[in-house]
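Reviewing the structure listed below.
Residue numbers (my numbering), protein chains in the order written: chain A, 1 to 631; chain B, 632 to 1262.
Quick look at the structure:
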């Protein structure tokens, strides 16, 4: 077979008309976008005839400019004749065929495009905003009050706990040469339990856990616990009325704030004077971090003359975490920063069934339903529009909020993005063959080879599988045994902080956290006996009912900012995240940090959240300039 | 386009030669087996040219008998020309193409055949028969003695256990309307724990657990515990020297047995006289089952004049079972039966790491390595050849024994066959489209739809996933909390007995078992603190090292008999089992019974084992007749 020239579609047409049959070999130089050229682009083409039926795939089509007739010559030496002797006529029919090629080829393209559409995204389902999760007999209750709350470690509970810890049985020795590879190393466990029993200062830690103002309020049948911290601002602070752009101080609020500020200032001055007298003021200063000191020196600078906004931010924890994860982060978010004309009021709830929040009494409370509860909570606190941040289940819930209530969520910050949009999954698969199409080379090893990722996932998801199917079974032992609970929960703070910590005899537990920090979190589970109800969230969220909502395929228009730690359980680059978050503004990729990022690196998270919200504000401003007033 | 006739390949050839181009439409009447006809059969065809490259799929090819040349006309009106103007010639080339079609089609068939070969089966690996699993410092120990063993429930242990049970915390209430669907129902659990604490007769149960003679012996660094029960025979019994066919009584053994029998008979007569005096004899009679009474009436019949064989049988339990599973079965196997010229000596070991057997101190003791230990145990007891029976892990281990030591295993009986031979998996997949190719219609619903099976498997395998990855973590809680252990283990005796029991508020726990039976088994785990080491078997058996042996693809020549309960976790018909067990003699399919079959239906299992061994003996006899003397 001779290649006698390369022609484009038009030339083919013309040539065809001249001599009935035309031979052509398409090379790379053939312009793309046309019917047959398109075929080259996809390496195959569907050819159709007038009847609408189709001939299966021809990979490459050669049309020689000389030959016996209007034939398409395949590289295999089989000639495909266009037009026929008796029943097929050249001319318009031929053109039709070429068009058919274009159309059918186009269908392939459309199928691809359809799989990853920005057009026709499915609409979010409407969930019942009043769905009742508490006991039926409380349905008459319409208590919307916000009650103060304190963490209490009852002496009886402490005594019982210490007793259980001291009567622990002889733990099964770990296998020779094994650190955390088979789970929590029993030698290392003994040290943790010893500390819990003998060195953990229950009273002091209880006090610490009461550092911030805490409340409960009754929502959809459940008492929901939350921390609420308003900014530590002494001047120049105005609250931002939710969702409106710019500096807006509603008259009533402004006067209230002013009054509060005066009172706060007076109290602060009083405290400082008292400390000065008792000599504590020096310690107070030395406790400040370098960056705090830098800001302090700037606090009286000109920028503070501008009024500050207070913006509401919802922070959500996951499993096996708690509100404790945010204790180091909270002051960094509620403190004014140089160069920022806003500061946060943070609301940090315990998820339903976790710690101090009630658990549902009937099946069905999955992350979309928790999203409803959290939105109701924020509304009760007067925040109709607000920012959200989350990790672990918290990240799933804030993502659901951004999907279900895009009007209410001003911006969405997550440190555990895990998009399961069908296009993300498809592209992830394609990337396993061509990683560079999907992810920058330097991050490729965080995703690929997929076999490595799945192997890791398989190894680390046994707890998930069990909790998604039989949480009540394993929950009995974890409710009954503090040692068992410690092993079960703290294992995650080892491996999920740095994967390789599982090869360290002590699991590297205290490399990033203090035992006090870890045990504070554990105490929230132990003192409330909430491990079973917490684990049930896995069963609910992997249920058929929840999955039927298919939220993962509904893109959220809320501006989104992603923070990705080095040792987060899964990594997805912006190109994969965008299917779910089309308004993805930024992805901050860290070379360190693990799953419990707010707990481990609060300063990094705080900086990133400030950057994110600043960008969210700009985004809304630009939207407004564009005349889009939906936000 | 006109269809002007239907021709076969030869006609096509002839026609083509006549006029250069031939048109043809293949209809159903075209004979199959030829190149293009083959294409019809598969609805598409790969056509090759002389260069060896191929043209993608043409689904249907029309060759009109009249036309412009040697063209193949597609139903779309596109003519595919065979042979060319310049470089392709009709005739031999055309024949080559048709041959290519046949060859390529044939390759598909060969690939299929190759995947399921009986030729070239892989050979079993040779494992180290002396691999050391105990502490290094015991390596000098060469103690091969067999020591008597008694189960002891120490008063301290009982006291501590009751104390733990009485201080159990308030269990998390199950969700409304939920029975065992989220795991063990906490209301039901309370009743079990109450019984364990207040009604379980520790002393009596300890005594019961010592019903049979028990021993330990030191193998490969581990003390292995086992029950050994020789037949309850008063006359006509001879031991079968392992592996030899027919009635063989070694002189020394025969005299020893005679002596023992005389002694036993005297003791028995003495006991009966004592009972007659104390009036107990009546009760003794009334306790006998109907079938026992039937046999008793036959015991003096003619058949007993024939000498009986004592054949060694190894019985292996699994997780979360123990030797306790066989207590009801043992007397049924060691008692003479009418119509049988053999009776069993049973050896029932605790698996390493389970109950009263030591656990390995280092990684690597998976089911193939346990197979080595069990064979060493049987050899130590003087059984070079023996029969094996197992369920759960026991079934995996006896299957491994049949694969690794086919010379030693006289017959293999399993009540949990689960073949993972690649052909079995492939055929299972094919069966998901054509179930009737794989399984009888009445059993199809035990396998298909696959989605239902996988969904069930997913729901029921969380424990497996966790135990295969982090057994030491969850082991802490289960070692520390008897309530937790009860929930974790007894859940399996609910759902795995009848799947739908999980919808019963009490899990149907006492429908097939008494609480005493269930708690006996639990006590073996609790009193020995062996749950963690028992669960580690999952980690070892799913390890890369174990899987690399690929035992699942090595057929075992040992005659095999399968007993399949209605509610076993997986069902595979004979056609799927045969890839692994080519000498599969029989499959007994039950319409009832669950995973713990020997425990639940000992009489059924005993009958089936007698049938199986009888058939194994016939099989060996036939083999001998055929002059195959390998056994």
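Ideal Cβ placement from N, Cα and C applies to all residues, glycine included. The structure presented is a predicted model; accordingly, all values stated were derived computationally and were not measured.
- With fewer than three CB-CB distances shorter than 8 angstroms, the region 1063–1082 of chain B does not count as touching the region 445–452 of chain A.
- Residue 554 of chain A carries a coil assignment under DSSP once its states are collapsed to helix, strand and coil.
- Residue 493 of chain A places its beta carbon less than 8 angstroms from that of residue 509 of chain A.
- Think of a sphere of 8 angstroms around the beta carbon of residue 568 of chain A: no beta carbon from chain B falls inside it, the nearest being about 19 angstroms out.
- For the options A:308, A:621, A:326 and A:310, the alpha carbon positioned closest to that of residue 316 of chain A is the one of A:326.
- Close CB contacts of residue 165 of chain A within its chain, under the 7 angstroms cut and outside five residues either way in sequence, are with 193, 196, 197, 482 and 483 (chain order).
- Close to chain B, meaning a Cβ-Cβ distance shorter than 7 angstroms, are the following residues of the region 358–386 of chain A: 361, 362 and 363.
- Residue 1188 of chain B and residue 1211 of chain B do not touch by the CB rule: their CB atoms are close to 11 angstroms apart, not below 8 angstroms.
- When DSSP states are grouped into helix, strand and coil, residue 547 of chain A belongs to the helix group.
- Residues of the same chain with a CB within less than 8 angstroms of the CB of residue 487 of chain A, apart from the 5 flanking positions on each side, are 183, 184 and 189 in chain order.
- Distance check between residue 1251 of chain B and each of B:940, B:1190, B:1065 and B:1087 places B:1190 closest, using alpha-carbon atoms only.
- Here residue 324 of chain A is actually not in contact with residue 156 of chain A; their C-beta atoms are around 22 angstroms apart, not less than 8 angstroms.
- For residue 536 of chain A, a Cβ of chain B is located within less than 8 angstroms of the residue's own Cβ.
- The alpha-carbon separation between residue 426 of chain A and residue 507 of chain A amounts to approximately 36 angstroms.
- Within the region 810–872 of chain B, the complete beta strand (DSSP E) runs of at least 3 residues fall at 845–850, 853–860 and 868–870.
- For residue 973 of chain B, the pairing in a beta bridge is given by DSSP as B:940.
- With 16 or more neighbouring CB atoms inside 10 Å of its own CB, residue 967 of chain B falls in the buried class.
- Remark: C-beta atoms of residue 846 of chain B and residue 804 of chain B do not approach each other more closely than 8 angstroms.
- In the DSSP assignment, residue 1127 of chain B is bridged to no other residue.
- DSSP places residue 172 of chain A outside any beta strand (DSSP E), giving it a letter other than H or E.
- At least 8 angstroms separates the CB of residue 856 of chain B from every CB of chain A.
- Residue burial annotation: residue 790 of chain B is exposed, with fewer than 16 other C-beta atoms found within 10 angstroms of its C-beta.
- At the C-beta level, residue 1013 of chain B and residue 1046 of chain B stay beyond 8 angstroms of one another.
- Per DSSP, residue 786 of chain B is one residue of the alpha helix (DSSP H) stretching across 786–797.
- As a beta-bridge residue in DSSP terms, residue 587 of chain A pairs with A:562.
- Nearest neighbour of residue 380 of chain A by Cα position, chosen from A:586, A:312, A:470 and A:502, turns out to be A:312.
- The alpha-carbon separation between residue 1180 of chain B and residue 154 of chain A amounts to approximately 55 angstroms.
- Under DSSP, residue 1018 of chain B shares a beta bridge with B:944 and B:1042.
- Nearest CB-CB separation between residue 169 of chain A and chain B: below the 8 angstroms threshold.
- At a cut-off of 4 residues, the continuous stretches assigned as alpha helix (DSSP H) that sit fully inside the region 451–497 of chain A are 462–467, 471–480 and 482–495.
- Residue 979 of chain B carries a strand assignment under DSSP once its states are collapsed to helix, strand and coil.
- Restricting attention to A:200, A:179, A:480 and A:328, the CA atom closest to the CA of residue 529 of chain A is found in A:480.
- Residue burial annotation: residue 773 of chain B is exposed, with fewer than 16 other C-beta atoms found within 10 angstroms of its C-beta.
- In the structure shown, residue 780 of chain B adopts extended strand secondary structure according to DSSP, grouped into three states.
- Under the 8 angstroms criterion on CB atoms, residue 1115 of chain B is classed as interfacial with respect to chain A.
- Using a Cβ-Cβ cut-off of 8 angstroms, residue 477 of chain A counts as an interface residue toward chain B, since at least one Cβ of chain B sits closer than that to its own.
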